[in-house]
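Asker: These protein sequence lines are chains Z and H, in that order.
Taking the numbering used here, the leading residue of the first sequence gets 874, the next gets one more, and so forth.
Taking the numbering used here, the leading residue of the second sequence gets 874, the next gets one more, and so forth.
Idealized CB from N, CA, C, for every residue including glycine.
A single structure is presented below for examination.
Protein chains: 2
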Amino acid sequence: MRFHNLNQNAPGWQTLSDTEGFANPFAEVHIVKVTTPMRPEGATWTVVHRKGACVVAPMTAEGNLLLIRQERIPIRSSIWEFPAGQIDPSGEHDDALIRETALRELREECGHELAPGGELLPLGMFFSSPGIMDEHNYLFVARPIVPSPNGPEPEAAEAIGECRAFTPAEFRQMIASGEIRDANTLAAFARMTAMGIL
Amino acid sequence: MRFHNLNQNAPGWQTLSDTEGFANPFAEVHIVKVTTPMRPEGATWTVVHRKGACVVAPMTAEGNLLLIRQERIPIRSSIWEFPAGQIDPSGEHDDALIRETALRELREECGHELAPGGELLPLGMFFSSPGIMDEHNYLFVARPIVPSPNGPEPEAAEAIGECRAFTPAEFRQMIASGEIRDANTLAAFARMTAMGIL
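Now the structure itself:
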């Protein structure tokens, strides 16, 4: 399976061997041997492949931010985070489809959509764990947002307990205290702060 | 293998089945069925287990920050990031060993150590990709730092091209432009900003 369109063969990078260790629709594990600019003799590495995703910071007209409280099975707990969802791999070559994915997650997980004339502002992307995984998530701010006619449309596999608005001061305090503890929301906060949006 | 000491059996969370799909010293994949507070009938999920890690933001007496430029095989590129390294799983129950790991990475990857009287300030932890993986990284600021007598002591498996100091304004600009794009460094910036350290 090809999960994304990252360049696998930049100058100096070449795959010498690639053995699949595990594969299902959610993740693959490969043992690869690759040359790198600093390791022309090649290095062996364990790599987890996973689809890219979109993360949306939903901002109301008043400047408040919506967070969802979601059960996350790998960490056995519910956490407050920005809505997010994976991109259909075929969509990664197309900016319009990446934006559609972001707006879909805003609608499905949060029950909100862009107000007429609202903007979906890109904050760039990031790698969640580049020492082991190629997962990379595209960050956006959606502003201003309004409730969508149908409310939240949760996917069957997910478990979202709540969606709530927080003031920027409350949000910042949740970051400082460690209550917000997922890479998606922390990365979006980092970019928003550095770009002067928050 | 037990990679960490996260609570796997909080109230309402119970493992009904757990099948190993892949295992090597770097990662494991398990297919689990667990009950959750919102899904008492149980849900099936693919979970990647990986060791926890420490991430250090090294700050000089002048308030500048050190970054390393490291080759990351899963994403086929070199990126600027804070030094980081995994915790021996047996060390996760012990704050002192977590702090030792942070200082070890500062020394090995960056060739620096805490100045006499310097502090290793904890910024809490975060989950890099809680939808698929239990990896969780402990964030610290080390300040002030000074060059260590032996310089960098790189591990054989790693490839670090450079270690350089950046002013807070340069660092912020690298976050805003998307040049800094790993969860560790973005999460550390988020916590430092929210806590008023940067």
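Can you tell which of Z/Gln943, Z/Glu973, Z/Pro1025, Z/Phe1000 has its C-alpha closest to the C-alpha of Z/Gly1034?
Answerer: On the first sequence, residue 1034 of chain Z is found 161 positions in, with the first residue counted as 1. Minimum Cα distance to Z/Gly1034 is reached at Z/Gln943.
Asker: Mind checking H/Asn897: buried by the 16 CB within 10 Å criterion, or exposed?
Answerer: Reading the second sequence from its first residue, position 24 is the one you call residue 897 of chain H. By the neighbour-count rule (16 or more Cβ atoms within 10 Å), H/Asn897 is not buried but exposed.
Asker: Report the residue ranges of all beta strand (DSSP E) runs contained in full by the region 973-1037 of chain H; include only those spanning at least 3 residues, in chain order.
Answerer: Counting only runs of 3 or more, we get 985-1000, 1009-1020.
Asker: Any chance the region 897-910 of chain H sits against the region 966-983 of chain Z, with 3 or more Cβ pairs inside 8 Å?
Answerer: Short answer: they don't touch.
Asker: Which residue from Z/Phe1000, Z/Asn1057, Z/Glu1043, Z/Phe1039 puts its Cα closest to that of Z/Ala934?
Answerer: One-based indexing of the first sequence puts residue 934 of chain Z at position 61. Nearest option by C-alpha distance: Z/Phe1039.
Asker: Report yes or no: is there a C-beta of chain Z within less than 8 Å of the C-beta of H/Gly997?
Answerer: What you label residue 997 of chain H is simply residue 124 of the second sequence in a count that begins at 1. Yes, because at least one Cβ of chain Z sits closer than 8 Å to the Cβ of H/Gly997.
Asker: Take the Cβ of H/Glu992 as the centre, count every other Cβ of all protein chains shown within 10 Å, and call the residue buried at 16 or more, exposed below.
Answerer: On the second sequence, position 119 is the one that residue 992 of chain H refers to. Classification for H/Glu992: exposed.
Asker: Would you call the CB atoms of Z/Ile948 and H/Pro931 closer than 8 Å?
Answerer: As a working mapping, residue 948 of chain Z is identified with position 75 in the first sequence. As a working mapping, residue 931 of chain H is identified with position 58 in the second sequence. Contact: no.
Asker: Give a yes or no on whether the C-beta atoms belonging to Z/Thr1066 and H/Thr1066 are separated by under 8 Å.
Answerer: Walking along the first sequence from the start, residue 1066 of chain Z turns up at place 193. Walking along the second sequence from the start, residue 1066 of chain H turns up at place 193. Yes, these two residues count as a Cβ contact at 8 Å.
Asker: Of the residues that make up the region 950-972 of chain H, which ones have a beta carbon closer than 9 Å to any beta carbon in chain Z?
Answerer: Listed by position along the chain: Ser950, Ser951, Ile952, Glu954, Ala957, Gln959.
Asker: Can you say whether Z/Leu889 is buried or exposed, counting buried as having 16 or more other CB atoms within 10 angstroms of its CB?
Answerer: If you number the first sequence from 1, residue 889 of chain Z lands on position 16. So Z/Leu889 ends up on the exposed side.
Asker: So H/Pro956 packs on H/Glu982, CB below 8 Å; how close in whole Å?
Answerer: Residue numbering aside, residue 956 of chain H sits at position 83 when the second sequence is read from its first letter. Residue numbering aside, residue 982 of chain H sits at position 109 when the second sequence is read from its first letter. Indeed they touch by this definition, with Cβ atoms about 4 Å apart.
Asker: For the candidate residues H/Ala988, H/Ala1030, H/Glu1026, H/Thr917, whose alpha-carbon lies nearest to that of H/Ala1015?
Answerer: Stepping through the second sequence from its first residue, residue 1015 of chain H is reached at position 142. Nearest option by C-alpha distance: H/Ala988.
Asker: Along chain Z, in chain order, which residues have C-beta atoms closer than 9 Å to that of H/Asp891?
Answerer: The residue labelled residue 891 of chain H in the question sits at position 18 within the second sequence. What H/Asp891 touches in chain Z: nothing, since even the nearest Cβ is about 12 Å away.
Asker: Kindly list, in the order they appear in chain Z, the residues whose Cβ is closer than 8 Å to that of H/Glu1008.
Answerer: To locate residue 1008 of chain H, count along the second sequence from 1; it is residue 135. Correct list: Ser1002, Ile1005.
Asker: Could you spell out the range, first to last residue, of the beta strand (DSSP E) harbouring H/Ile952?
Answerer: Position 79 of the second sequence holds residue 952 of chain H. Here the beta strand (DSSP E) through H/Ile952 covers 950-954.
Asker: Can you find a C-beta in chain Z that's less than 8 Å from the C-beta of H/Glu944?
Answerer: To locate residue 944 of chain H, count along the second sequence from 1; it is residue 71. Yes - at least one Cβ of chain Z is within 8 Å of the one on H/Glu944.
Asker: On the DSSP bridge assignment, give the partners of H/Ser890 in chain order.
Answerer: Within the second sequence, numbered from 1, the residue matching residue 890 of chain H stands at position 17. Answer is H/Lys906, bridged to H/Ser890.
Asker: Do you know how far the Cα of H/Gln959 is from the Cα of H/Glu901?
Answerer: Counting from 1 along the second sequence, the entry for residue 901 of chain H is found at position 28. Counting from 1 along the second sequence, the entry for residue 959 of chain H is found at position 86. Roughly 15 Å separates the two Cα atoms.
Asker: For the region 1043-1067 of chain Z, list every residue whose C-beta sits within 7 Å of some C-beta in chain H, in sequence order.
Answerer: Within the region 1043-1067 of chain Z, the qualifying residues are Arg1045, Ile1048, Ala1049, Gly1051, Arg1054, Asp1055, Ala1056, Leu1059, Ala1060, Phe1062, Ala1063, Arg1064, Thr1066, Ala1067.
Asker: What does H/Ile948 reach in chain Z if we use C-beta pairs closer than 8 Å?
Answerer: Residue mapping note: residue 948 of chain H aligns to position 75 of the second sequence, counting from 1. In chain order: Leu879, Phe1000, Pro1003, Asp1007, His1009.
Asker: Out of curiosity, what's the CA-to-CA distance linking Z/Ala916 and Z/Phe1044?
Answerer: Position 43 of the first sequence holds residue 916 of chain Z. Position 171 of the first sequence holds residue 1044 of chain Z. Roughly 42 Å between the two C-alpha positions.
Asker: Which residue comes first and which comes last in the alpha helix (DSSP H) that contains Z/Thr1066?
Answerer: Counting from one through the first sequence, the residue named residue 1066 of chain Z turns up at place 193. Note, Z/Thr1066: alpha helix (DSSP H), 1056-1067.
Asker: Is the distance from the Cβ of H/Phe999 to the Cβ of Z/Arg1054 below 8 Å?
Answerer: Taking the first residue of the second sequence as position 1, residue 999 of chain H is located at position 126. Taking the first residue of the first sequence as position 1, residue 1054 of chain Z is located at position 181. Yes, the pair counts as a contact, with Cβ atoms nearer than the cut-off.
Asker: Do we get a CB-CB distance below 8 Å when we pair Z/Phe1039 with the residues of chain H?
Answerer: In the first sequence, the residue the question calls residue 1039 of chain Z occupies position 166. So, not an interface residue.
Asker: Locate the alpha helix (DSSP H) running through Z/Ala1042, then write down its first and last residues.
Answerer: Indexing the first sequence from 1 puts residue 1042 of chain Z at position 169. Start and end: 1041-1050.
Asker: Could you have a look at H/Leu1071 and say whether DSSP puts it in helix, strand or coil?
Answerer: Here residue 1071 of chain H refers to the residue found at position 198 of the second sequence. Coil at H/Leu1071, not helix or strand.
Asker: Quick one: what does DSSP say H/Ala883 is sitting in, helix, strand or coil?
Answerer: Position 10 of the second sequence holds residue 883 of chain H. H/Ala883 falls in the coil class under three-state DSSP.
Asker: Secondary structure at Z/Leu969, three-state DSSP: helix, strand or coil?
Answerer: On the first sequence, residue 969 of chain Z is found 96 positions in, with the first residue counted as 1. Per the sequence shown, the amino acid found at residue 969 of chain Z is Ala instead of Leu. In the structure shown, Z/Ala969 sits in a helix (DSSP, three-state: H, G or I).
Asker: Which residues in the same chain have their Cβ closer than 7 Å to the Cβ of H/His985, if we skip the five residues on either side of it in sequence?
Answerer: Looking up residue 985 of chain H in the second sequence gives position 112. Contacts found: Pro931, Leu939, Leu979, Ile1018, Val1019, Pro1020, Ser1021.
Asker: Along the chain, where does the beta strand (DSSP E) that runs through H/Ala916 open and close?
Answerer: Residue numbering aside, residue 916 of chain H sits at position 43 when the second sequence is read from its first letter. Note, H/Ala916: beta strand (DSSP E), 912-922.
Asker: Contact check, H/Glu954 vs H/Ile946 under 8 Å by CB: the rounded distance?
Answerer: In the second sequence, the residue the question calls residue 954 of chain H occupies position 81. In the second sequence, the residue the question calls residue 946 of chain H occupies position 73. Their Cβ separation, rounded to whole angstroms, is 14 Å, which puts H/Glu954 and H/Ile946 out of contact at 8 Å.
Asker: Do you know how far the Cα of H/Ala1060 is from the Cα of Z/Ala1049?
Answerer: Stepping through the first sequence from its first residue, residue 1049 of chain Z is reached at position 176. Stepping through the second sequence from its first residue, residue 1060 of chain H is reached at position 187. The alpha-carbon atoms of Z/Ala1049 and H/Ala1060 are separated by roughly 11 Å.
Asker: Using only alpha-carbon positions, find the residue among H/Ser951, H/Gly925, H/Pro962, H/Glu914 that is nearest to H/Leu1012.
Answerer: Counting from 1 along the second sequence, the entry for residue 1012 of chain H is found at position 139. When only C-alpha atoms are compared, the closest one is H/Gly925.
Asker: Assuming H/Val928 contacts H/Asn1010 (C-beta within less than 8 Å), just tell me the rounded distance between them.
Answerer: Taking the second sequence and counting its residues from 1, the one referred to as residue 928 of chain H is at position 55. Taking the second sequence and counting its residues from 1, the one referred to as residue 1010 of chain H is at position 137. Going by Cβ atoms, the distance from H/Val928 to H/Asn1010 rounds to 5 Å, so yes, they are a contact pair.
Asker: Let me see if you follow: with CB-CB separation under 8 Å, is H/Gly925 close to chain Z or not?
Answerer: Taking the first residue of the second sequence as position 1, residue 925 of chain H is located at position 52. So no, H/Gly925 is outside the interface.
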